[in-house]
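*Asks:* The structure under discussion is supplied below as structure tokens; questions concerning it will follow.
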Amino acid sequence: MQLDFLIPGFSKCGTTSLCKFLMQHPQIYIPQVKEPNYFAHRYGMGWDWYQKLFEPAKPGQMCGDGSTCYTSSEYEYRAYQRALDRFPDMKVILIARDPIGRLESSFRYMHHIGHKWKAWASDCIGETLKTLPNMMRDTMYWQRLICLRSYFPDERIHILFLEDFNADSAGELAKCCRFLGVSDDFQFEGLDHVYNSGSRTLKDTPGMRWLRQAPITGSICNLIPTRYQNLIGMKLGLRKGFTGPVTWNQQSLDWVLERIAEDSQRFLEYAGKAPGFWSLQPEALETAQNEPGNVNRKFAA
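For the sequence shown, numbering that gives the first Met the number 0 gives the first residue as 0, with consecutive numbering after it.
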């Protein structure tokens with residue numbers, strides 16, 4: 000087996016969409032398993048387990064792994080080292096988005112599924128970012144890129160942006176194909192399809208949160224698959240759609256901008272983007288919205 004490239008995120012920036020479309024290309028193979036995460040927290044599963052994910056690949060296809068945790072501050076160093084130990088010539092594709100939009104999407108996601116890891120998001124995004132600091136660290140794109148560049152030369156790193164992907168998805172996919180060395184005239188299908196829409200995330204009511212955190216009922220909840228927890232919770236009114244914009248207070252926004260503004264600027268400069276490419280403002284203040292509640296616009300993260 001030959002692994003030719005990684006698509007390690009950044010998380011909540013459109014990686015799922017990017018992988019789904021690249022999977023259509025006859026010269027590319029990406030496993031159907033979403034985010035194998037082998038070089039991070041599933042390394043103990045063993046090489047045979049990982050290798051079997053790529054058994055359906057046809058001869059000559061370029062093989063890739065789209066696992067966003069490889070760009071997480073928790074796993075990045077060991078993930079890149081493990082990957083390069085086996086495949087020293089692999090390439091990397093990164094996709095980024097406005098950091099405030101990424102934080103909002105991550106905030107929704109933590110409400111939707113954070114209970115699986117006992118990561119309790121509060122109703123205030125500012126409080127959540129302070130109690131779950133990895134959300135902020137993983138939004139520091141330049142810091143994450145510094146780590147990546149310590150392992151991969153610049154010519155083997157390709158960066159694209161969710162904003163560009165939304166505006167010209169076919170063009171951005173063609174750039175990825177040229178970077179990987181496959182035909183760039185393939186006609187991708189379904190480019191208007193939305194993956195992982197933010198409008199479909201759910202959040203707990205106070206009653207559901209109490210049930211999850213109480214010792215006895217919490218243990219029972221843990222035995223129920225997430226899908227059924229959602230179905231039962233919605234039917235009982237304990238889980239509700241996380242619709243509408245994320246609410247910020249000015250103090251929280253200032254606290255975030257103080258920490259990410261310079262990092263974002265350096266990342267944009269490296270990628271050849273203008274300083275004002277990202278607004279660094281909550282999406283509730285943006286005028287260009289697609290549909291109510293869908294903060295991820297055309298392609299979701």
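Built from N, CA and C at the ideal position, the CB exists for glycine as well.
1. What are the start and end residues of each continuous alpha helix (DSSP H) run of 4 or more residues lying completely inside the segment 210-264, in chain order?
2. The alpha helix (DSSP H) with methionine 134 in it runs from where to where?
3. Please confirm whether alanine 118 and tyrosine 74 have their CB atoms less than 7 Å apart.
4. Please name the residue, chosen from Met139, Leu159, His111, that lies closest to arginine 226 on a Cα-to-Cα basis.
5. Kindly list the residues whose CB is nearer than 7 Å to the CB of cysteine 18, restricted to its own chain and excluding five residues on each side of it in sequence; keep chain order.
6. Exposed or buried, which one is phenylalanine 298 when buried takes at least 16 other CB atoms within 10 Å?
7. Using 10 angstroms around the beta-carbon of alanine 169, count the other beta-carbons present and answer buried if the total reaches 16, otherwise exposed.
8. Among Ile27, Thr70, Ser71, whose alpha-carbon lies nearest the alpha-carbon of proline 55?
9. Since cysteine 176 is in the beta strand (DSSP E), which residue starts that stretch and which ends it?
10. To the nearest angstrom, how far is it from the Cα of isoleucine 312 to the Cα of aspartate 203?
11. Quick check on leucine 190: does DSSP put it in helix, strand or coil?
12. Evaluate arginine 143 with the Cβ neighbour count: other Cβ atoms within 10 Å of its Cβ, from every protein chain shown; 16 or more gives buried, anything less gives exposed.
13. Please state the DSSP three-state secondary structure of glutamine 288.
14. With a threshold of 16 other CB atoms inside 10 Å of the CB of tryptophan 277, please say whether the residue is buried or exposed.
15. Alpha carbon to alpha carbon, what distance is there between glycine 217 and valine 32?
*Replies:* On the basis of the coordinates in this document:
1. 214-222, 225-234
2. 133-136
3. no
4. His111
5. Ile6, Ile29, Gly65
6. The predicted model places phenylalanine 298 with a pLDDT of 41, which falls under 50 and marks its position as unreliable, so this point remains unresolved.
7. exposed
8. Ile27
9. Premise fails: cysteine 176 lies in the alpha helix (DSSP H), 168-179, not in any beta strand (DSSP E).
10. Examination of residue 312 is not possible in this model, given that the chain is present from 0 through 300 alone.
11. coil
12. buried
13. Its pLDDT being 38, under 50, glutamine 288 is placed unreliably by the model, and nothing is read from it.
14. buried
15. 29 Å
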